[in-house]
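Data first, discussion second: the structure below is written as C-alpha cells.
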Amino acid sequence: MSQHIPLKNVIRKGNDNGDGWVIQLETQTGRTVYGIGVAQASTGRTGPTWSYIFENDGLTIIDLGTPGSFDNFLDGYSQLPLSTKDIKRVIFTHGHSDHDGTAHEFCSFSNAELWAHKNYAPLKKYKIWEIQDRESSVLQKELMRISSILISESDRFSRWNQYSDYYSNKKNTEISRNLSDQESFEDIQIVQTPGHSPDQIVLLLDNFMFTGDHILPEITPHPTSNTIIKKEVSDSLPSFLKNTSPWFGLGTYLNSLSTTMRLGNEYTILPAHRLHNKGEFNWIDQSRGLEIISHHEKRLKRIIQRLNSNSDSLEDLTRGIFEKSKLLGSNIFAAMSEIVAHLEFLEDCKDIQVSNVGKITVLGEGDSYIKELDKIRSV
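Residue numbers (this note's numbering): 23 to 401.
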C-alpha cells in the first residue's frame with residue numbers, strides 16, 4: 023500500500039464512517055486538494071460520497087453526492103476558503119446516482135459546466151433497468167425469472183424508484199464536455215475504466231488518482247453483466263456504444279483494473295467511498311487492484327467448486343456463496359446479478375456451459391479462467 027500519506031490538515035472531523043469530514047490534501051508537487059465526505063440522505067453501507075475540489079484552470083470538482091444530499095454538500099464546502107460560486111466545472115466519474123445525484127440542484131446554484139465520459143450523455147436519458155435486454159441470454163432470463171418469484175418488481179428496483187425526480191432531472195442535464203480516454207486538459211489526464219459502469223473514468227492529477235468506484239478500499243465494486251442493449255434504446259445511441267463488449271461485464275472491469283495498474287504504482291488512490299471508515303483513513307495505491315482481482319478469482323473458484331458439487335442453478339449458487347444476511351428482501355437481486363456476471367465470465371473463458379433451461383455444467387477442468395486472470399495480472 024502507498025507510503026505517501028497525502029493528508030495535510032483536518033478542517034473538520036465528522037462521523038466514524040466518514041460523513042461530514044472536510045480535509046486538506048497535498049500532492050507531491052505541493053498542490054492543494056480538498057476532500058468532503060458528503061453524507062447520503064439515507065443510510066448506506068458505502069458511507070458518504072467523497073467529493074474533491076482543486077485548482078486546474080479554475081476550480082474543478084469531482085463528483086457531487088446522492089439525491090437529497092445537497093445541503094450536506096453545501097455544508098461541507100462552506101468550511102473551505104473558497105466560494106462555490108467560483109467553481110468552473112464538475113467532472114462526474116460515472117453516472118450513478120451517488121455521484122451525480124445533486125446535479126440539478128447544483129446547476130440551479132452555480133454556472134459551472136458539467137463534464138463526463140462520452141458514454142454518459144447518450145445513456146443519461148434512460149433508467150438503469152431500461153437499457154438492458156433481459157431476454158438476450160439464458161442467464162439474464164433466469165435472473166429475471168427467479169427474481170420475479172422471490173421479489174416484486176417494485177422492490178427489485180426500489181432503490182432507484184425512490185429517485186424518480188433524479189431521473190427526470192438527469193434527462194435535462196446539459197453536459198458541456200464529453201471526455202475520451204487519454205484526453206488531457208491542463209494537469210488532468212482522463213483514463214476510461216469501464217466495467218462497474220460503462221462511463222466510468224479515473225482522473226490523474228500529479229500523484230493522485232481519483233477513482234470514483236473503480237477502485238475502493240475495503241469493498242469491491244459491483245461489476246456490470248454482459249449487456250445487449252434493447253433495440254429501441256440502441257437505435258438512439260451513437261455508434262461507439264452499439265457494440266457493448268468494451269463497456270460492460272466482469273471481464274471488462276478486470277481489464278480496467280489492469281489498465282490502472284499499468285500506470286505504475288506511484289499514485290495515491292482517492293476513492294469516492296470508504297476513504298474514511300471505522301474512525302480511520304484508508305490510504306491505498308493501485309496494488310489494491312490486485313486484491314480486487316484476487317477477490318473475484320476466489321469467487322470464480324467457489325462457483326466452479328459448487329457446480330462440481332451439483333449446484334447447477336443460479337439461485338442455488340447465489341444462496342451457497344452469499345451469506346443469508348446479504349440476501350434479504352431485494353438484496354437477492356443484486357447478489358444474483360453479481361453471480362451472473364461471474365458466470366458470464368466463465369462462459370467467455372469456455373469453463374462452463376449453460377443449457378436452454380438454465381442448467382449450468384462445468385467443461386473440462388473448469389480452470390481456463392485462471393489463465394485469463396494471470397494475463398490480466400501480468401502488468
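Ideal placement from N, C-alpha and C gives every residue a C-beta, glycine not left out.
Got a sec, what are the start and stop residues for the alpha helix (DSSP H) residue i sits in?
i: Ala134; result: Premise fails: Ala134 is in no alpha helix (DSSP H) and is neither H nor E.
i: Phe367; result: Asn353 to Asp370
i: Gly57; result: Segment Thr54 to Val60 is the beta strand (DSSP E) holding Gly57; no alpha helix (DSSP H) there.
i: Asn191; result: Ser186 to Lys193
i: Leu83; result: Strictly speaking, residue 83 in this sequence is Ile, with Leu absent from that position. Here Ile83 belongs to no alpha helix (DSSP H); instead the beta strand (DSSP E) covers Leu81 to Ile84.
i: Glu152; result: Ile150 to Ile153
Could you give the residue range of the beta strand (DSSP E) that holds residue i?
i: Leu242; result: Per the sequence shown, the amino acid found at residue 242 is Thr instead of Leu. Thr242 -> no beta strand (DSSP E), and no H or E assigned at all.
i: Trp72; result: Thr71 to Glu77
i: Asn200; result: Arg199 to Leu201
i: Asn287; result: First-last for Asn287: undefined, no H or E at that position.
i: Leu226; result: Ile223 to Leu227
i: Leu47; result: Val44 to Glu48
So residue i packs on residue j, CB below 8 Å; how close in whole Å?
i: Leu365; j: Ala357; result: Wrong, their Cβ atoms sit about 13 Å apart, outside the cutoff.
i: Leu201; j: Ile223; result: 6 Å
i: Gly234; j: Thr115; result: 3 Å
i: Ile13; j: Gly311; result: Outside the shown range of the chain, which is 23 to 401, sits residue 13, and nothing can be said about it.
i: Ile392; j: Leu329; result: Actually they do not touch by this definition, with Cβ atoms about 15 Å apart.
i: Lys193; j: Lys140; result: Going by Cβ atoms, the distance from Lys193 to Lys140 rounds to 18 Å, so no, they are not a contact pair.
i: Tyr355; j: Ser169; result: Here the sequence assigns Phe to residue 355, which means Tyr is not the residue at that position. Phe355 to Ser169, Cβ: 5 Å. Contact.
i: Asp221; j: Ala138; result: 6 Å
i: Pro239; j: Arg296; result: 5 Å
I need the DSSP call for residue i, collapsed to helix, strand or coil.
i: Leu401; result: In the sequence under discussion, the amino acid at residue 401 is Val, which differs from the Leu named in the question. Coil at Val401, not helix or strand.
i: His121; result: helix
i: Leu349; result: coil
i: Met23; result: Low per-residue confidence applies at Met23: pLDDT is 47, beneath 50, and the placement is therefore not dependable enough to give any value.
i: Gly234; result: strand
i: Phe114; result: coil
i: His139; result: strand
i: Leu172; result: helix
i: Gln375; result: strand
i: Leu29; result: strand
i: Thr249; result: coil
i: Ser256; result: helix
i: Gly66; result: coil
i: Phe95; result: helix
i: Phe128; result: helix
i: Gly90; result: coil
Are the C-beta atoms of residue i and some chain B residue less than 8 Å apart?
i: Asn299; result: The question asks about chain B, but that chain is absent: this structure has only one protein chain.
**OP:** Could you say if the region 226 to 243 and the region 333 to 350 meet the contact criterion of at least three C-beta pairs nearer than 8 Å?
**Re:** The answer is no - the region 333 to 350 does not touch the region 226 to 243, with fewer than three Cβ pairs under 8 Å.
Original post:
Does the region 205 to 216 come close enough to the region 153 to 169 to have 3 or more Cβ pairs within less than 8 Å?
Top reply: Not touching, per the Cβ criterion.
**OP:** Kindly confirm or deny that the region 282 to 298 and the region 259 to 268 touch, where touching means at least three C-beta pairs closer than 8 Å.
**Re:** At 8 Å Cβ cutoff, the stretches do not touch.
Original post:
Hey, is the region 273 to 287 in contact with the region 324 to 333, meaning 3+ C-beta pairs nearer than 8 Å?
Top reply: By the Cβ test, the region 273 to 287 is not in contact with the region 324 to 333, since fewer than three Cβ pairs between them sit closer than 8 Å.
Original post:
When the Cβ atoms of the region 91 to 102 are set against those of the region 58 to 70, are three or more pairs found closer than 8 Å?
Top reply: Segments in contact, yes.
Subject >> alpha helix (DSSP H) runs wholly inside the region 289 to 335, at least 4 long, in chain order >> reply: As far as the region 289 to 335 is concerned, its whole alpha helix (DSSP H) runs of at least 4 residues are 310 to 330.
**OP:** May I ask you to verify whether the region 244 to 259 touches the region 299 to 311, counting CB pairs closer than 8 Å and requiring at least 3?
**Re:** Output reads no: the region 299 to 311 does not touch the region 244 to 259.
Original post:
Should the region 39 to 47 be called in touch with the region 106 to 115, which here means at least 3 C-beta pairs below 8 Å?
Top reply: Counting Cβ pairs under 8 Å, fewer than three are found: no touch.
Original post:
With contact counted as at least three CB pairs below 8 Å, one residue from each stretch, are the region 117 to 137 and the region 82 to 95 in contact?
Top reply: Judged by Cβ distances under 8 Å, the region 117 to 137 makes contact with the region 82 to 95, as three or more pairs qualify.
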